[in-house]
Structures are given as structure tokens and as C-alpha cells.
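*Asks:*
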Amino acid sequence: MKLFSYWRSTSSFRVQVALNLKGLTYDIVPVNLLTMEQRSQSYKTINPAMGVPTLELDNGQLLTQSLAIIRWLDTVYAHPPLLPKDPFEAARVEAAAQVIAMEIHAVNNLRVLTYLKTQLKQTDAVKLDWMFHWMKEGLTAFQQLVSPSGKFCFGDAPGLADICLAGQLINARRWGCDLSSFGRLVDIDAACRNIEAFRAALPISRQKQNW
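For the sequence shown, position 199 (counting from the first letter as 1) is numbered 204 according to the working numbering, and the numbering increases by one without interruption.
1) Please name the residue or residues paired with Thr69 in a DSSP beta bridge.
2) Please identify the residue among Leu165, Val34 and Pro153 whose C-alpha is closest to the C-alpha of Phe187.
3) Does the stretch 80-92 come within contact of the stretch 140-153, defined as at least 3 CB pairs closer than 8 Å?
4) Please classify Lys126: does DSSP put it in a helix, a strand, or coil?
5) Helix, strand or coil for Asp161 per DSSP?
6) Can you find the residues in the same chain that come closer than 7 Å, C-beta to C-beta, to Leu118, ignoring five residues on each side of it along the sequence?
7) Just to confirm before moving on: does the CB-CB distance between Ile175 and Gly143 stay below 8 Å?
8) Could you tell me which of Asn114, Leu72 and Leu121 sits nearest to Glu99, measuring between CA atoms?
9) How would you call Leu8, buried or exposed, if buried means at least 16 neighbouring beta carbons within 10 angstroms?
10) Could you give the first and the last residue of the continuous alpha helix (DSSP H) run that contains Lys7?
11) List the DSSP bridge partners of Val34.
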């Protein structure tokens with residue numbers, strides 16, 4: 006398989022962690038978001054949404070959107086599971102994951118921040134205020150949705166919610182967001198970073214692989 010990725014993309018981080026946890030072999034194909042490579046005609050034929058990640062399967066089929074890719078991986082490669090078998094519990098995990106993927110990341114990604122700065126002429130200070138607002142609001146909700154105790158978000162093994170959380174806290178720390186109110190989430194993230202599948206997908210590791 007091939008993972009089209011940008012080294013600092015936390016949505017790509019999610020998929021790479023899932024692939025690592027499943028023990029799957031894949032190659033990384035770098036897509037430089039800063040030079041707008043994702044908007045090239047050649048890449049648009051691969052991913053019409055002009056984003057990363059894209060996962061090319063062994064048979065050449067293409068999957069996009071990190072949560073959809075991870076669900077496919079969890080269906081085809083069942084071990085270790087990233088979602089509970091019980092439908093209700095699986096829905097709880099997905100709901101928490103979507104808070105990060107759809108309510109924090111979606112409004113704080115590169116294309117949104119670029120539009121704020123270049124088209125709406127907002128300052129860097131306004132951009133940071135925007136980001137911190139959505140991070141703190143989303144993380145507050147996420148912290149209430151996960152289990153109040155335990156090593157990971159929902160049990161003793163990392164799953165979809167933990168993958169999304171670890172990616173989001175990379176961004177939070179990168180931009181200097183105050184995490185003092187999110188002790189439970191910081192502890193979960195620390196447990197995730199003790200796992201090689203997560204460490205290998207961190208930006209410093211991915212930078213070496215991508216460029």
C-alpha cells in the first residue's frame with residue numbers, strides 16, 4: 006500500500022498510526038502542502054478533495070478521509086481492533102473521534118488558516134485566537150465523552166479516539182495551546198506515546214520519511 010501524506014499532517018498521522026498498530030507494510034508518498042502540490046492536476050486525479058491522506062491499496066484502489074480509511078482498515082484487518090464490536094460502544098468511540106476530526110481539525114486545518122490570513126486579512130494573533138477557541142471547546146467536550154479513568158480513552162488498549170487525540174495534541178503543542186485543563190487527555194496522550202506505533206508516526210519521525 007501507499008500512503009500519500011504530508012509530514013506535519015495530523016490527519017495523515019491518524020492513518021499511519023492505524024497502519025502501524027495493524028502491523029501493515031506501506032510506503033509513504035510525500036505531498037508537499039506548502040507548495041500546493043495537493044492542488045496539482047496529477048494529485049487531484051488521486052484525491053479530488055485535494056487533501057491528505059490518500060491510501061492506495063495493493064490493487065490500485067484509492068481511499069480518502071482519515072476516519073473512513075481507518076474504518077476500512079479495522080474492517081479488513083481485524084486485529085488489534087480500533088473500534089469495539091458492540092454497536093453502541095463503537096458509536097461512542099466514533100462520536101468522540103469525530104469531535105476532534107470534524108469539530109476541531111476541520112476548522113483549524115491549513116486551508117482554513119490560509120484563507121483567514123490571505124483572503125480575510127486576519128493577523129497571526131487573530132488566527133491563534135481562532136485556533137485556541139476551537140481547540141479548547143472541542144477538547145472540553147472530548148474530555149467529558151471519554152472514560153473518566155483507565156489508561157486510554159475507552160479501555161486498556163488504544164483505539165480510534167486515542168489516535169485522533171494524539172494527533173490533535175501534536176497541533177495543540179505546536180501552536181502553544183494551554184492544556185492545563187486537560188490533565189486526563191494529557192495522561193492518555195502520554196500512554197499513547199509509549200507505544201512504538203504512535204512514536205513512529207510523530208512529525209519528527211515522519212519528516213525523515215517524507216523529505
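Idealized CB from N, CA, C, for every residue including glycine.
*Replies:* With the given structure in hand:
1) Translated into positions along the sequence shown, residue 69 becomes position 64. Residue pairing by DSSP puts Thr69 in a beta bridge opposite Thr59.
2) Here residue 187 corresponds to residue number 182 of the sequence shown, with the count starting at 1. Nearest to Phe187 by alpha-carbon distance, out of Leu165, Val34 and Pro153, is Pro153.
3) As far as the Cβ criterion goes, the stretch 80-92 does not touch the stretch 140-153, which means the pair count is below three.
4) Indexing the sequence shown from 1 puts residue 126 at position 121. It is coil, neither helix nor strand.
5) Start at 1 with the first residue of the sequence shown, and residue 161 comes out as number 156. Three-state DSSP puts Asp161 in coil, outside helix and strand.
6) Here residue 118 refers to the residue found at position 113 of the sequence shown. Only Lys132 meet the Cβ criterion.
7) Stepping through the sequence shown from its first residue, residue 175 is reached at position 170. Stepping through the sequence shown from its first residue, residue 143 is reached at position 138. Taking 8 Å as the Cβ cut-off, Ile175 and Gly143 do not qualify as a contacting pair.
8) As a position in the sequence shown, residue 99 is number 94, starting the count at 1. Closest by alpha carbon: Leu72.
9) Here the question's residue 8 lines up with position 3 in the sequence shown. By the Cβ-count criterion, Leu8 is buried, with 16 or more other Cβ atoms from all chains shown falling within 10 Å of its own Cβ.
10) As a working note, residue 7 is residue 2 in the sequence shown. Premise fails: Lys7 lies in the beta strand (DSSP E), Lys7 to Ser10, not in any alpha helix (DSSP H).
11) Locating residue 34 in the sequence shown gives position 29, counting from the first residue. Answer is Phe9.
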